[in-house]
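Per the numbering used here, the sequence shown starts with residue 3, numbered consecutively.
To start, the structure under review is shown below, and the notes come after it.
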Amino acid sequence: MQSEYLIKEIQQGLLKWYDFKPNSTFLYLGEKDEPCAALLSELAGQTACMSAAQASAQTATQTAAQTNAQTATQTAAQANAQTVAQTNAQTAAQTNVQTAVQATAQPADTSSRLTCASPLQTLTPQWQQAHTAGFDYIIAIETLETLESPAGYLSYLKSLLKPDGTLLLGMNNRFGLRYFCGDRDPYTERNFDGIEGYRRAYAQKEDLFQGRCYSRAELRSMLQSSGFETFQFYSVLSDLKNPSFLYAEDYLPNEDLSNRIFPTYHYPDTVFLDEESLYNSLAENGMFHEMANAYLIECPLSGRLSDVSHVTSSMERGPERALLTIIHRSGIVEKRAAHTEGILRLENLIEHGRDLSAHGISVVEAKLGPYLPAHNILDTIANHEANLSRCDTTAAASHPNQVPPVLNTTAAAPTTAQVPPAHAAPTAPPESESRPISYLMPYLTAEVGQLYLKRLLHEDQDMFLRKLDEFRDLILQSSEIIEPDLGDGNGAVLRKGYIDMVPLNSFYINDTFVFYDQEFCEEHYPANALIWRMIATFYAGDLEVQKLMPMETLLNRYDLKRKLSKWQKLEWDFLADLRQEKTLRKYHEACRRNYDAVNSNRQRLNYSAEKYQKLFIDIFRNADTRKLILFGSGNFTKRFLSLYGQDYPVYAIVDNSREKWGQEVEGISIQSPEILRSLQSGEYKILICIKNYLSVMKQLDGMGVTEYSIYDPGKDYPRKRKPLVPQNADAVSGSADHSAVKKKYHTGYIAGVFDLFHVGHLNMFKRAKEQCDYLIVGVVTDEGVRKFKEVEPFVPYEERAEMVRSCRYVDEVVEIPLNFGGTRDAWRLHHFDCQFSGSDYVDNPDWLAEKEFLEKHGAEMEFFPYTQSTSSSKIKDLIDKKLL
């Protein structure tokens with residue numbers, strides 16, 4: 003599946019859930035190839051779009067443009083559009099698109115149900131005459147932000163709507179949380195301009211207006227002054243291009259968002275806060291909607307607002323797995339398949355619920371039903387409640403100890419005065435005539451299992467552990483055990499493993515966990531993988547939980563540590579496949595933050611430029627002339643030793659934890675920090691290798707230690723470069739005279755196993771050396787071959803490295819660190835100008851993502867064709883067959 007398709011699907015999630023009336027006419031302010039326009043085109047069936055390129059193909063004079071603008075002002079006087087015409091004329095002068103005004107003078111085909119146009123194109127007298135009161139829906143996503151005076155244009159748009167028409171606006175919030183976390187303004191490309199109200203932007207006459215964002219209060223005022231009496235805001239998270247969650251302004255999330263939201267940004271490299279960890283506090287303090295990143299605003303002239311309170315979109319999953327979860331104010335939760343290919347998943351949800359119920363697991367009862375129409379929602383609820391009541395009675399009879407939740411349509415619904423009548427629903431897709439299309443269940447106001455357990459952890463840790471044990475027991479109870487727990491760390495194997503049996507997908511009702519959304523089921527699945535997922539989702543994104551009870555406590559309690567990497571891999575493989583991580587990797591890297599970059603950005607805020615340079619940049623200053631001591635013995639220290647231990651020998655490792663004293667890391671003994679008192683000032687250099695370094699800094703300051711720096715794994719610290727060997731260069735070129743010829747790259751890099759060294763390896767080194775002055779070759783260790791290739795090397799690492807080192811084309815051979823051997827780690831170590839690789843990776847998405855990373859950092863990746871006649875795999879195959 004192509005990433006372009008999925009990206010379009012993700013953006014269509016902004017409107018995919020909305021109940022457009024059947025046989026409606028649409029005006030989309032934008033280009034016809036934009037994702038939301040494509041969605042509307044599917045609904046409308048036919049399109050009449052006018053592109054700016056087509057319009058500008060015809061000639062028109064500036065005088066004609068001004069005349070048309072004046073005419074537009076007079077025509078729209080009743081709608082107070084004089085400001086719009088003036089603003090539009092200014093915009094036309096600034097962007098040199100006056101030619102488009104005259105070119106669009108011919109009326110569009112009004113028989114078409116979708117029209118695409120820019121704001122400028124809609125202002126000609128002929129266009130207005132042809133389309134006044136002509137549209138059921140007008141959709142503008144970010145479009146009004148590019149106008150200097152959008153309020154007047156809103157009045158004009160109102161005149162284009164039918165008396166019962168609806169305007170849908172997608173607008174960015176200048177007080178969006180993303181901007182407080184360090185994201186840049188999308189129009190000025192600078193930090194904090196929107197937060198400051200753009201007082202520093204567009205300050206000079208020569209500054210061209212590119213656009214701006216507005217706050218919720220400003221948008222409300224703008225709509226009211228334009229004559230829109232009824233409207234409702236939906237807060238959009240993460241943003242308009244990645245609309246995973248929508249919340250009506252009278253609805254707040256009742257779940258932990260810290261491990262549900264994946265924030266996206268215009269400029270992720272400048273972000274310095276973990277946005278997702280802040281939403282729970284914002285909701286508690288009444289700031290959730292005010293600081294939403296964006297809004298979808300529904301403005302119906304009829305006054306009939308949608309009855310939807312909340313939408314969760316999973317459009318990134320693809321046609322067969324994409325679902326829309328819609329919470330209606332009337333007390334119903336509806337799941338829709340985003341595409342007809344996904345209806346089977348709704349049927350699976352019902353089947354999974356029945357299976358769990360048959361094993362004594364409490365589930366939220368649900369039914370499949372027709373597409374849920376908003377205009378007769380109360381009748382649907384009545385029928386649905388009757389169906390659920392029958393199901394509940396059956397379930398209770400089968401399982402006397404189970405307490406099925408009762409559908410309560412009044413507890414969760416707002417008062418009648420708060421909920422205007424809902425508008426009509428669309429015609430269901432053709433399959434709805436013969437197959438159900440919606441999964442319906444009651445909206446429960448009970449406490450989510452995740453929040454219940456976190457509350458217990460704060461209040462009573464013994465009770466927390468007992469309840470978590472109960473949750474673990476429910477996992478073991480959920481299916482037949484086909485392989486018992488033999489005590490070897492692998493645990494039991496279940497006939498069916500429900501991967502989403504996690505606290506986040508449960509309620510705590512009547513002293514038991516009641517599950518919902520059990521969409522995913524795997525045959526013959528390890529129970530320990532499910533127990534690990536129970537723990538992982540509980541801790542995800544919440545540092546406070548880790549402080550209260552370290553995750554290691556639970557890993558030991560449920561005997562997960564012995565095979566932890568196995569359970570983690572199973573979870574990651576499942577999530578990566580579900581979220582299309584491989585396909586969307588390049589897209590995610592462009593819009594999602596890098597956690598190491600977040601930490602680095604935050605560090606810079608705390609220090610002067612001089613001190614930051616000393617602490618975080620020049621960390622190797624005096625490291626090779628003094629005794630190097632690492633403070634900390636965890637993952638940061640292990641990473642440092644793997645990457646830099648060869649260049650900077652470590653004298654000692656110190657740690658504050660008494661339990662670790664006397665243990666070793668890579669053969670180096672861990673000692674007490676008190677050994678520093680026995681050393682003379684100027685005799686040693688300390689590198690702090692822990693994440694929370696502030697307490698150690700204070701400790702060292704108190705001991706009078708001043709020569710220390712902080713190792714940041716997210717930074718690029720190049721290794722020592724060995725001097726160029728001129729003999730090799732001469733040997734390759736044939737004479738010293740030719741060695742002076744400038745090559746394409748200075749430093750090149752190749753990584754590989756190079757088992758059973760053959761002419762294909764030699765050809766690659768030769769081609770690479772022809773293009774670079776200095777060639778570094780990374781060789782995978784024996785342990786790395788076993789871990790990542792899952793085979794035993796024929797030739798030991800030392801011998802493989804020596805054979806590569808003996809090749810006249812190679813200037814330096816380096817050992818590839820076991821857990822840090824990727825392209826990015828290699829570039830951070832060696833800062834090469836180009837990595838050379840075999841052509842079998844040229845279309846691999848992972849390698850293409852690495853190629854883009856290198857290009858972003860000023861390096862290249864080139865692919866060489868393999869020598870077809872020989873390869874290590876072919877030689878190994880012949881050896882296995884005893885033909886060699």
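Each residue gets a CB set at the ideal place from its N, CA and C atoms; glycine is no exception.
All values reported here derive from a predicted model rather than from experimental measurement.
In the pairwise beta carbon analysis, the region 163 to 175 is classified as touching the region 297 to 306: at least three pairs are separated by under 8 Å.
Here DSSP, grouped into helix, strand and coil, assigns L248 to strand. Shortest Cα-Cα distance from D714 to any of V310, I621, V779 involves I621. S151 and S217 have their C-alpha atoms roughly 15 Å apart. Between the C-alpha atoms of S683 and N596 there is a straight-line separation of about 38 Å. Here the alpha carbons of L572 and A531 stand approximately 7 Å from one another. Secondary structure of M863 (DSSP, three-state): strand. Pairwise C-beta distances place the region 766 to 777 out of contact with the region 701 to 721, as fewer than three of them are shorter than 8 Å.
The beta carbons of Y710 and I692 sit about 12 Å from each other, so the pair does not count as a contact at 8 Å.
Residue state for Q570 is assigned as helix, using DSSP reduced to three classes.
Going by DSSP, T168 is part of the beta strand (DSSP E) stretching over 163 to 174. In its chain, beyond the 5 residues on either side, Q14, L17, K18 have a beta carbon closer than 8 Å to the beta carbon of L41. In the three-state DSSP reduction, P37 falls in the helix class (H, G or I).
Residue nearest to A324 within the set A294, Q123, G344 is G344 (criterion: CA-CA distance).
With a cut-off of 8 Å on Cβ pairs, the region 804 to 814 is in contact with the region 775 to 789, counting three or more such pairs.
Nearest neighbour of M503 by Cα position, chosen from G489, I533, I352, turns out to be I533. With a contact defined as Cβ atoms closer than 8 Å, I352 and L370 qualify at about 6 Å. Under the three-state reduction of DSSP output, S311 falls in the strand class. Excluding the 5 residues flanking it on each side, Y454 has same chain C-beta neighbours closer than 7 Å at Y510, in chain order.
Three or more Cβ pairs drawn from the region 515 to 527 and the region 490 to 502 lie within less than 8 Å of each other, which places the two stretches in contact. Membership of H268 in any alpha helix (DSSP H) is not indicated, and neither H nor E is assigned to it by DSSP.
Under the DSSP assignment, C301 falls in the beta strand (DSSP E) whose first and last residues are 296 to 302. If you compare the alpha carbons of T272, E277, Y269, H268 with that of R262, the shortest gap goes to E277. Taking the Cα positions, K717 is about 19 Å away from S635.
Leaving aside the five residues that flank P486 on each side, the residues in its chain whose CB is nearer than 7 Å to its CB run, in chain order, A494. Looking only at K687, H330, T585, L459, the smallest Cα-Cα distance to D626 is reached by K687. For the set K584, Q128, V273, V806, the Cα lying nearest the Cα of R606 is the one of V273.
H330 and E144 have their C-alpha atoms some 27 Å from each other.
Under a 10 Å Cβ-count criterion, Y441 is classified as buried, with 16 or more other Cβ atoms of the shown protein chains found around its own Cβ. By the Cβ-count criterion, I477 is buried, with 16 or more other Cβ atoms from all chains shown falling within 10 Å of its own Cβ. A contact between stretches requires three or more CB pairs, one per stretch, nearer than 8 Å, and the region 123 to 143 fails this requirement with the region 179 to 187. One Cα belongs to L163, the other to N256, and the distance between them is close to 37 Å. Using a C-beta cut-off of 8 Å, the region 202 to 211 makes no contact with the region 223 to 243, since fewer than three inter-stretch Cβ pairs fall below that distance. In the DSSP assignment, Q605 falls within the unbroken alpha helix (DSSP H) covering 597 to 607. Around the CB of N603, 16 or more other CB atoms lie within 10 Å, so the residue is classed as buried. With a 10 Å radius around the Cβ and a threshold of 16 neighbouring Cβ atoms, M705 comes out exposed.
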